[in-house]
Amino acid sequence: MTKFSSFFKILGALFVMISFSSFVAAAKFGTCYGKPIKWKNNRTTMYIHYPQGSELDLHSQWAMASWADIAGTAFTYYVNWRSGNASLGNGFSEISSAPIVAGHVAHVQTKTLCTKNLRLGTVDKHYITEADLTLNSTYGFTLDTFEPAHLHEPFSFDKVVLHELGHTLGLDEPPQISPFTYFAVMLESYPFGHYDNLSPHADDIVGLRALYPDPSYQKIDLAVSKYREDLSHSHNGLYTKVIVPSTGGYRTWFNKGDPMEVEYTFENLGTTTVTADVRFYFSVDNYVSAADTYIGSASWIMPAASGVIASAVMDVPLSLPYSSTGNYYIGYVVSARNGDDDNYYNNFVSQALPLRIY
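Read the sequence shown against the working numbering and you will find it ends at 530, with the numbers running on by one and no gaps.
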């Protein structure tokens, strides 16, 4: 078991930061006499048992690409297809659906080699040789964009496959730390709240870079989310609400001019330390952009593969597009100070948070 530490620094904020909690990275993977168990030559072929070109096939490939495209790493998934029953020990690493042990949404079974030269004291082999990912066909899955309801049946296909593929790479589940926990795809209860899709978090990236390092692959990748983890809350720790600063309570409506405390999560998924701004907007729809009503910002200096759970206090604007009561969305947008963003995952914009204004 190997643990890595993560840290962050506050540069300052245009609005008071009420609270924040840094991620304590705890990426885990199996070892063989102290050596990480991983794929030899940093690659493998996954054989997909869904019809070629089908939605399940394409979503499986997307999940593989999400892991393989992480900057600072050197792992490659190759794709092929098979029919018939998947079976551990047949020499093929496979993705399939079949009935498995009740209570398990999915699982990964692996075969590994772990040998040590007792005379020389060297570890000769510490490799994964086969990894089969099986989704439990007795459960329902959805291909829709992730929502909190997908922590229960029908489960998010993308979220489950992304998590299980982490196991095929050699990653284990890190421990949860109450009352706060870091964000990680490898925490099986954890959803990702970015604008368009799910993708690995800073803690996952720390682990993958330890297993398959490639310092030549550099990239800026900033991410912001309306979601946060707090194990004292329901929904497996997920909640997305706005705080009333005077009481500390949560509610889904405010009056114009009211102060409100907006919670968010910010991560630097890239390979270098970045100075960045998280900007907040009011929007009349759930598509948030810089053209919407700006309401505040916060600035951070974030090292590579680090994250922070934070909140900022700001006022509901007195002037909004609706002259009376209306439904709005709070949006979050993050960008590097030097403007050098790589927004491959579209995660620089969070899913918007709905709010009723009177």
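Glycine is no exception: its CB is placed at the ideal position from the N, C-alpha and C atoms.
Residue(s) in a DSSP beta bridge with residue i
i, result
"Tyr466", "Tyr453"
"Asp487", "Pro431"
"Val332", "Val332 pairs with nothing; no bridge assigned."
"Thr248", "Arg215"
"Arg423", "Val414"
"Thr287", "Lys297"
"Gly263", "Gly263 pairs with nothing; no bridge assigned."
"Thr203", "Pro208"
"Tyr504", "Phe452"
"Leu534", "A question about residue 534 goes unanswered here, because the residues of the chain that appear run from 173 up to 530."
"Arg509", "Answer is none; Arg509 lacks a bridge partner."
"Thr314", "Ser328"
Three-state class that DSSP yields for residue i in the structure shown
i, result
"Ile209", "coil"
"Phe355", "coil"
"Ile377", "helix"
"Leu525", "strand"
"Asp386", "coil"
"Phe364", "Only weak support is given to the placement of Phe364: the predicted model assigns it a pLDDT of 49, under 50, and the question is left unresolved by the model."
"Gln281", "strand"
"Asn440", "strand"
"Gly338", "helix"
"Ala240", "helix"
"Asn408", "Here the model assigns Asn408 a pLDDT of 47, short of 50, so the residue's position is not dependable and the matter cannot be decided."
"Asn458", "coil"
"Leu394", "strand"
"Asp304", "strand"
"Asp229", "helix"
"Ala477", "coil"
"Ala258", "coil"
"His298", "strand"
"Leu323", "helix"
"Ala270", "strand"
Residue burial classification, residue i (beta-carbon count within 10 angstroms, cutoff 16)
i, result
"Asp330", "buried"
"Pro372", "buried"
"Gln523", "buried"
"His221", "buried"
"Ser232", "buried"
"Val378", "buried"
"Glu336", "buried"
"Thr340", "buried"
"Arg509", "exposed"
"His276", "exposed"
"Asn440", "buried"
"Thr437", "buried"
"His298", "buried"
"Glu325", "exposed"
"Ser255", "exposed"
Expected contact under 8 Å - CB spacing of residue i and residue j to nearest Å
i, j, result
"Leu383", "Lys200", "That belief does not hold up - the Cβ atoms of Leu383 and Lys200 are roughly 11 Å apart, past 8 Å."
"Gly503", "Val521", "7 Å"
"Trp239", "Phe247", "7 Å"
"Val505", "Val460", "7 Å"
"Ala278", "Leu305", "7 Å"
"Pro385", "Thr216", "The Cβ separation is near 17 Å, so there is no contact."
C-alpha gap between residue i and residue j, whole angstroms
i, j, result
"Asn262", "Ile300", "14 Å"
"Lys413", "Arg400", "10 Å"
"Thr287", "Lys212", "14 Å"
"Gly312", "Ala270", "12 Å"
"Val357", "Asp376", "7 Å"
"Thr282", "Glu433", "46 Å"
"Tyr530", "Ser388", "53 Å"
"Leu394", "Leu343", "23 Å"
"Thr424", "Ser478", "30 Å"
"Tyr250", "Asn308", "24 Å"
"Leu228", "Phe264", "19 Å"
"Pro223", "Glu266", "13 Å"
"Ser328", "Pro431", "35 Å"
"Cys204", "Thr284", "10 Å"
"Ala243", "Ala235", "15 Å"
"Met474", "Val280", "34 Å"
"Asn427", "Ile415", "13 Å"
Any chain B beta carbon closer than 7 Å to residue i
i, result
"Pro493", "No chain B is part of this structure, which consists of one protein chain only."
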